[in-house]
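Counting from 1 along the sequence shown, just add 67 to a position and that's the residue number in my numbering.
Just so you know, even glycine gets a beta-carbon here, dropped at the ideal spot from N, CA and C.
What follows is a single structure, written as structure tokens, with notes after it.
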Amino acid sequence: MAALRELRIARANLAAAQQASRFDEAAVKDAMAEVRTATTNLQATMQDYLFTALKNVKAKPAAGS
Numbered sequence: 068m069a070a071l072r073e074l075r076i077a078r079a080n081l082a083a084a085q086q087a088s089r090f091d092e093a094a095v096k097d098a099m100a101e102v103r104t105a106t107t108n109l110q111a112t113m114q115d116y117l118f119t120a121l122k123n124v125k126a127k128p129a130a131g132s
């Protein structure tokens with residue numbers, strides 16, 4: 068899943084920025100923003116999947132109806 072891969076990459080970039088021998092405030096802030104964006108994208112993707120599943124379940128008649 069691309070959204071999860073993007074989040075993992077963003078987290079790795081943040082870890083690298085935090086561990087750099089020379090602290091670069093802008094790089095850390097940018098990496099944090101990338102993690103927030105990737106987290107939001109992953110959450111939206113998962114909610115889309117959930118919405119589709121709910122729609123499919125609700126569209127089918129209940130057993131015994």
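Coil, strand or helix - residue i by DSSP
| i | result |
| --- | --- |
| Phe90 | coil |
| Lys127 | coil |
| Met68 | coil |
Check whether residue i and residue j have beta carbons under 9 Å apart
| i | j | result |
| --- | --- | --- |
| Leu109 | Leu81 | no |
| Ala105 | Ala70 | yes |
| Val102 | Arg78 | yes |
| Gln85 | Ala98 | yes |
Own chain, CB closer than 8 Å to residue i, minus 5 neighbours either side, in chain order
| i | result |
| --- | --- |
| Ala87 | Ala94 |
| Asp115 | none |
Cut-off 6 Å between Cβ atoms - residues of its own chain near residue i, not counting five sequence neighbours on either side
| i | result |
| --- | --- |
| Thr112 | Ala70 |
| Ala120 | none |
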